[in-house]
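Data first, discussion second: the structure below is written as structure tokens.
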């Protein structure tokens with residue numbers, strides 16, 4: 122295992138699994154410096170072909186309490202450029218989120234404590250989420266007189282449906298661990314002391330799969346969310362054609378018939 126420490130983000134490598142940990146405790150708010158470093162770390166992960174799965178978590182009591190508001194709203198510089206100028210600056214704020222969401226490898230959020238506002242967005246752009254009974258998911262934008270951001274209006278309805286999305290976004294309702302699991306916001310709910318072990322076990326399970334199949338499955342499912350059935354089937358047929366004659370496909374079949382665990386190499 123190797124650990125690279127910075128002022129705001131840690132990158133930990135363990136076999137085929139990497140972990141990015143926000144390192145601005147206790148609340149891990151999203152300062153411009155943290156988000157810039159986070160984007161750099163994502164780019165490092167993208168360039169490392171040995172990494173097959175990524176965990177997103179944080180050090181300290183809370184996962185992420187959202188934007189750092191002490192210096193004003195991120196992206197806002199008064200009237201400079203008007204609404205169009207503010208929109209352009211907000212797009213820059215969103216870049217780390219979208220880059221994480223577009224990673225080809227699967228991502229797992231291990232949510233300790235609160236994931237609020239942009240912190241909730243960070244959790245939801247991951248493919249999987251693991252929570253504890255004390256995890257608190259919240260989008261309090263309306264209570265602050267703000268429109269939701271960080272792609273929450275896109276992500277929440279796809280995960281929990283329209284009524285629950287509107288409740289979270291308009292009322293700023295808290296959703297805790299067990300409720301998050303019941304609503305479909307989380308894949309697992311475990312005790313706090315088991316959180317990182319569960320996240321690592323989950324990520325290692327993903328990393329043991331055929332990299333090409335895992336990545337194509339992620340790509341196909343994400344595309345299907347915005348496509349009709351025929352277009353989704355077209356994407357699936359292309360992915361199947363590209364993976365069915367791979368070494369991993371042959372190894373998977375051999376392992377099945379030999380009743381052993383497959384050893385996928387990504388070829």
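Numbering (my numbering), first residue to last: 122 to 388.
No residue lacks a Cβ here, since even glycine has one placed at the ideal position from N, Cα and C.
Keep in mind it's a predicted model, so treat the numbers as computed, not measured.
Does DSSP put residue 267 in a helix, a strand or coil?
If DSSP states are grouped into helix, strand and coil, residue 267 belongs with coil.
Give the straight-line distance between the Cα atoms of residue 281 and residue 307, rounded to the nearest whole angstrom.
Each residue's Cα considered, the two are about 10 Å apart.
Straight-line gap, residue 381 to residue 372 (C-alpha atoms, nearest Å):
Their Cα atoms are separated by approximately 10 Å.
Cα-Cα separation, residue 328 to residue 172:
Going by the C-alpha atoms only, they are around 8 Å apart.
Below 7 Å between beta carbons: does that hold for residue 141 and residue 132?
Yes, the Cβ-Cβ distance between residue 141 and residue 132 is below 7 Å.
Given a threshold of 16 other Cβ atoms within 10 Å of its Cβ, counted over all protein chains shown, does residue 321 qualify as buried or as exposed?
Residue burial annotation: residue 321 is buried, with at least 16 other C-beta atoms found within 10 angstroms of its C-beta.
Same chain, Cβ closer than 8 Å to residue 299, five either side skipped, listed in chain order
The answer, listed in chain order, is 254, 310.
Using only the alpha-carbon positions, how far apart do residue 261 and residue 370 sit?
The alpha-carbon of residue 261 is positioned some 46 Å away from that of residue 370.
Counting along the chain, where does the beta strand (DSSP E) carrying residue 228 start and finish?
Counting along the chain, the unbroken beta strand (DSSP E) around residue 228 starts and ends at 228-232.
Based on the DSSP output, what are the partners of residue 259 in its beta bridges?
Answer is 237, bridged to residue 259.
DSSP three-state label for residue 151, please.
Note: residue 151 maps to strand in three-state DSSP.
For residue 324, I'd like the list of residues in its chain whose CB is within less than 7 Å of its CB, leaving aside the five on either flank, ordered along the chain.
Only 138, 174, 176, 229 meet the Cβ criterion.
List the endpoints of the continuous beta strand (DSSP E) containing residue 175.
For residue 175, the enclosing beta strand (DSSP E) has its first and last residue at 174-179.
Output the distance between the C-alpha atoms of residue 231 and residue 151, rounded to the nearest integer angstrom.
Straight-line Cα distance between these residues: approximately 17 Å.
Using CA coordinates, which residue listed in 181, 189, 226, 211 is at the minimum distance from residue 339?
For residue 339, the nearest C-alpha among the options comes from 226.
Which of helix, strand or coil does DSSP assign to residue 342?
Here residue 342 sits in helix by DSSP.
By Cβ distance below 6 Å, which residues in the same chain neighbour residue 296 in space, the five residues on each side in sequence not counted?
Cβ neighbours of residue 296 within its own chain (closer than 6 Å, five residues either side excluded): 258.
Here's the rule: buried if 16 or more other CB atoms are within 10 angstroms of the residue's CB, otherwise exposed. What is residue 178?
So residue 178 counts as buried.
Is it right to say residue 268 is buried, meaning 16 or more other beta carbons lie within 10 angstroms of its own, or is it exposed?
It counts as exposed.
Test item: CB-CB of residue 251 and residue 319 under 7 Å
Cβ distance < 7 Å, so residue 251 and residue 319 count as in contact.
CB-CB under 7 Å to residue 285, same chain, minus the five flanking residues each way: which ones, in chain order?
Contacts found: 304.
Are residue 186 and residue 210 close, meaning C-beta to C-beta below 7 Å?
No, Cβ-Cβ distance for residue 186 and residue 210 is not below 7 Å.
Rounded to the nearest angstrom, what separates residue 375 and residue 334 at their Cα positions?
When rounded, the distance between both Cα atoms is 16 Å.
Closer than 6 Å by C-beta to residue 356: which residues in its own chain qualify, once you throw out the five before and the five after it? Chain order, please.
Hits under 6 Å: 341, 344.
What residues are listed by DSSP as bridge partners for residue 218?
DSSP, once it has assigned bridges, lists no residue as partnering residue 218.
Considering only heavy atoms of the ligand MN, does any lie closer than 6 Å to the CB of residue 128?
The ligand MN is absent from the structure shown, which contains no ligands of any kind.
Could you give the C-beta distance for residue 242 and residue 264, rounded to a whole number, given that I count them as a contact under 8 Å?
The beta-carbon separation of residue 242 and residue 264, rounded to 16 Å, does not stay under the 8 Å limit for a contact.
Which residue wins for smallest C-alpha separation from residue 249, given the options 222, 273, 237, 216?
Taking only the C-alpha atoms, the option nearest residue 249 is 222.
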